[in-house]
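With our numbering applied, the sequence shown closes on residue 961, and no number is skipped along the way.
Just so you know, even glycine gets a beta-carbon here, dropped at the ideal spot from N, CA and C.
Here's the structure we're looking at; comments come further down.
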Amino acid sequence: MKGKCTSSSSSSSSSHTITTQAIIKTVAFLSLLCFSLFFLFKHFSSYTQHEHLYFFNSTSTDTSLPPAPSPSRPQRPLVESTGIINELGIMTSNFMIGEFDEGLLVENAKVGDISEKVKGENDEGEVNKLRVCDMNMSDYVPFLENVGAVSKGFDCLVPRPKGYKPPVPWPRSMDEVWFENLRYKAKDNEGVSKKNDKLVFSSEVGSKSDQNLEQMVPEIAFGQRTRVALDVIGSSIADFGAYLMERNVTTLSVAGKDQAKHVQLALERGVPAMMAAFATYRFPFPSQAFDLIRCSRCGINWTLNDGILLIEANRFLRGGGYFVWEADAVYKYEGELGEQWREMEDLSRNLCWELVSKEGYIAVWQKPLNNSCYLCRDPDIRPSLCDQDDNPDDLWRVKVKKCIARLPEDGNGANLTDWPARLHSVPGRLLSIKTDSDVSRRQLYRADSVYCNAIVDGYVSVFKINEAKIRNVMDMRAGYGGFAAALLESRANSWVMNVVPLSGPNTLPVIYDRGLIGVMHDWCEPFDTYPRTYDLLNAAGLFSVEQKRCNVRNIMLEMDRILRPDGRAYIRDTTAVIYELREIAETMGWIAHMFDTEEGPYSDWKLLICTKRM
348 MKGKCTSSSS SSSSSHTITT QAIIKTVAFL SLLCFSLFFL FKHFSSYTQH EHLYFFNSTS
408 TDTSLPPAPS PSRPQRPLVE STGIINELGI MTSNFMIGEF DEGLLVENAK VGDISEKVKG
468 ENDEGEVNKL RVCDMNMSDY VPFLENVGAV SKGFDCLVPR PKGYKPPVPW PRSMDEVWFE
528 NLRYKAKDNE GVSKKNDKLV FSSEVGSKSD QNLEQMVPEI AFGQRTRVAL DVIGSSIADF
588 GAYLMERNVT TLSVAGKDQA KHVQLALERG VPAMMAAFAT YRFPFPSQAF DLIRCSRCGI
648 NWTLNDGILL IEANRFLRGG GYFVWEADAV YKYEGELGEQ WREMEDLSRN LCWELVSKEG
708 YIAVWQKPLN NSCYLCRDPD IRPSLCDQDD NPDDLWRVKV KKCIARLPED GNGANLTDWP
768 ARLHSVPGRL LSIKTDSDVS RRQLYRADSV YCNAIVDGYV SVFKINEAKI RNVMDMRAGY
828 GGFAAALLES RANSWVMNVV PLSGPNTLPV IYDRGLIGVM HDWCEPFDTY PRTYDLLNAA
888 GLFSVEQKRC NVRNIMLEMD RILRPDGRAY IRDTTAVIYE LREIAETMGW IAHMFDTEEG
948 PYSDWKLLIC TKRM
């Protein structure tokens with residue numbers, strides 16, 4: 348029994364010893380592990396944290412002390428308003444610049460010369476900042492100065508006159524305009540009078556003339572057979588053209604230097620007009636352009652110098668078109684007036700014009716549809732027919748000729764459909780346009796229409812061009828008139844002056860055959876109009892062509908001259924050209940924004956939309 352107890356006690360003691368050893372080993376292992384992790388962490392944290400972020404301070408033995416309070420954040424200085432940005436976040440120009448080193452500023456100016464120039468357009472890679480012209484140039488028209496002024500150009504921004512206001516919108520502008528916007532002096536006997544700060548127009552003169560003509564010659568058919576008219580204005584106020592607008596007739600009013608103020612007045616009213624004179628050179632219109640030409644006391648002696656001026660009018664009068672002469676000589680047969688009428692009768696007869704109506708002071712002639720009358724005349728009758736090789740559509744700097752322009756043997760130019768189908772009918776004279784393209788002219792014509800329709804649709808949907816106060820529009824590179832046709836189809840309340848640059852093919856015959864108006868022009872020279880006469884300028888592919896022969900900055904200056912304050916310029920061109928034009932636009936003070944075209948961001952073409960500041 349005793350042996351069993353001893354054996355059991357020995358076994359229990361052995362087991363207890365083993366357990367104690369195991370515990371000691373475990374504690375030792377854990378202690379070693381903890382110390383290892385501690386030193387490892389301390390070593391690692393010295394590389395990853397700044398000294399003041401340590402979790403352990405080796406110099407401190409009293410862990411019961413509270414942590415030292417964090418140092419107080421230094422007080423921020425009060426913000427001083429310099430005025431660079433106002434409360435709306437818009438940069439201002441009258442801000443404080445504080446202290447600066449004047450010597451360093453002068454030195455930098457010497458190095459970069461940036462005080463007077465910005466990078467830009469000319470060969471040196473710089474463009475001078477554009478200054479504002481003197482106030483006496485507020486109505487500057489190079490055409491009215493001299494030949495030197497036209498060729499020299501100008502290098503400043505034409506200012507608006509004092510008291511200038513945004514134009515009265517159409518159609519209210521037919522009846523009244525702001526007096527301070529014009530250099531025009533009102534005369535009551537001209538159908539215009541001054542009332543307070545406006546010029547007010549009579550509504551009787553234009554409508555009366557319109558009604559008289561239709562009663563005299565119903566075949567004129569305004570708005571159908573007669574779509575495009577030319578009004579040679581003398582002392583009138585373009586009232587004839589203003590009221591024919593209501594009859595779907597686009598009337599271009601023209602005047603020479605002596606009556607140029609009437610052109611400014613017409614454009615302020617929203618009526619198509621330009622400065623042009625019957626003189627040494629041909630008008631910038633193609634042959635057979637106008638369905639009707641009207642001279643109402645225009646002051647032109649048509650029979651002077653063997654009738655050369657009436658011969659020129661015959662050139663751009665359409666075959667079968669009408670010439671309307673309103674003058675005292677029509678009904679007063681005594682003395683000098685009687686002699687004028689007899690000379691006019693003889694000259695018109697030699698031109699094979701038929702006197703279709705004569706009532707009171709109005710006489711109406713009709714031009715023949717073909718050359719048969721000319722070929723049957725006596726060979727000694729003057730003026731004679733022009734030579735076969737004479738091109739009646741050669742316009743630029745071509746002197747007027749004392750010969751009758753031949754009509755096409757195929758009847759093209761005279762055999763047109765009535766308006767409005769005329770706008771989209773393919774004109775027969777399209778095939779006579781000289782181009783360098785291998786693509787057929789019909790394909791180019793259709794492609795131009797599709798392209799322009801897409802452009803105008805975009806302008807309407809995105810920029811609301813048809814809702815804006817845009818009346819006078821110029822297409823600076825008109826092509827076949829696709830932009831004007833598309834704008835007309837969009838029902839925008841505007842008319843378009845289609846400009847065909849001298850640098851391209853002469854597409855004016857097609858433009859007029861479509862029932863639109865236009866002129867040929869060299870964009871290296873100023874356009875013959877007053878400042879602030881157009882609301883919108885459209886220039887598609889113009890500058891990439893003209894930069895080879897003109898200074899593009901001069902073209903932009905001319906655009907600024909003829910664009911109304913708050914007017915727009917839509918410019919489409921290659922990316923490099925657009926960047927250059929944007930810089931020039933900014934030097935002129937325009938607001939300029941660049942957009943991708945409908946071809947996408949990777950296209951080489953961009954759209955630049957500019958607004959001239961008020």
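DSSP beta-bridge partners of residue i
| i | result |
| --- | --- |
| residue 842 | 819 |
| residue 917 | 885 and 956 |
| residue 750 | 731 |
| residue 701 | 713 |
| residue 573 | 569 |
| residue 545 | 525 and 542 |
| residue 671 | 641 and 711 |
| residue 620 | 600 |
| residue 680 | The partner list for residue 680 (beta bridge, DSSP) is empty, contrary to what the question assumes. |
| residue 511 | Bridge partners of residue 511: none, in fact. |
| residue 720 | BP columns for residue 720 are empty, so no partner. |
| residue 504 | 479 |
| residue 578 | 600 and 641 |
| residue 847 | 867 |
| residue 628 | 746 |
| residue 706 | 709 |
Span of the beta strand (DSSP E) around residue i
| i | result |
| --- | --- |
| residue 651 | That residue, residue 651, is in no beta strand (DSSP E); its alpha helix (DSSP H) goes 651-662. |
| residue 523 | 523-525 |
| residue 676 | Where residue 676 is concerned, there is no enclosing beta strand (DSSP E), given that its DSSP letter is neither H nor E. |
| residue 598 | 597-602 |
| residue 943 | 938-943 |
| residue 539 | 539-542 |
Continuous alpha helix (DSSP H) stretch holding residue i: start and end
| i | result |
| --- | --- |
| residue 608 | 607-616 |
| residue 589 | 586-591 |
| residue 830 | 829-836 |
| residue 796 | 788-810 |
| residue 909 | 899-909 |
| residue 864 | Residue 864 -> not in any alpha helix (DSSP H); beta strand (DSSP E) instead, spanning 864-868. |
| residue 932 | 922-934 |
| residue 878 | Counting along the chain, residue 878 falls outside any alpha helix (DSSP H), and DSSP gives it neither H nor E. |
| residue 856 | 855-860 |
| residue 491 | 489-492 |
| residue 564 | No alpha helix (DSSP H) contains residue 564, which DSSP labels as neither H nor E. |
| residue 892 | 890-893 |
Candidates the options, of which the one nearest residue i by Cα
| i | options | result |
| --- | --- | --- |
| residue 710 | 559, 526, 867 and 486 | 559 |
| residue 839 | 827, 825, 849 and 882 | 882 |
| residue 887 | 788, 634, 610 and 829 | 829 |
| residue 910 | 677, 957, 636 and 952 | 957 |
| residue 575 | 857, 934 and 876 | 857 |
| residue 810 | 562, 580 and 940 | 940 |
| residue 945 | 698, 501 and 804 | 804 |
| residue 505 | 927, 943 and 905 | 905 |
| residue 977 | 692, 674, 514 and 766 | The structure shown does not extend to residue 977, since the chain is modelled only from 348 through 961, so no value can be given for it. |
| residue 933 | 903, 943 and 949 | 903 |
| residue 502 | 679, 514, 516 and 487 | 487 |
| residue 529 | 755, 586 and 513 | 513 |
| residue 764 | 680, 681 and 774 | 774 |
| residue 686 | 656, 591 and 648 | 648 |
| residue 610 | 490, 795, 948 and 479 | 490 |
| residue 598 | 794, 842 and 568 | 842 |
| residue 748 | 690, 738 and 565 | 738 |
| residue 564 | 890, 807 and 706 | 706 |
| residue 573 | 743, 638, 646 and 762 | 638 |
| residue 744 | 849, 825 and 807 | 849 |
| residue 607 | 617, 622, 615 and 593 | 622 |
| residue 923 | 951, 752 and 912 | 951 |
| residue 885 | 954, 584, 938 and 961 | 954 |
| residue 580 | 520, 641 and 697 | 641 |
| residue 578 | 521, 601 and 567 | 601 |
* Fully enclosed by the region 758-785, which alpha helix (DSSP H) runs are 4 residues long or longer? -> The region 758-785 contains no whole alpha helix (DSSP H) run of 4 or more residues.
* To do: Could you tell me whether the region 915-927 touches the region 849-865, where touching means 3 or more Cβ pairs closer than 8 Å?
  => no
* Segment contact, 8 Å Cβ cut-off, at least three pairs: the region 668-686 with the region 708-724 -> yes
* Quick check: the region 672-689 against the region 627-639, are there 3 or more CB pairs under 8 Å? -> no
* Asked: Does the region 784-802 come close enough to the region 862-880 that 3 or more CB-CB pairs lie under 8 Å?
  -> no
* Inter-stretch contact (C-beta, 8 Å, three-pair minimum) for the region 713-732 and the region 615-632 -> no
* Asked: Is the region 779-788 touching the region 653-669 in the sense that three or more CB pairs, one from each, lie closer than 8 Å?
  -> no
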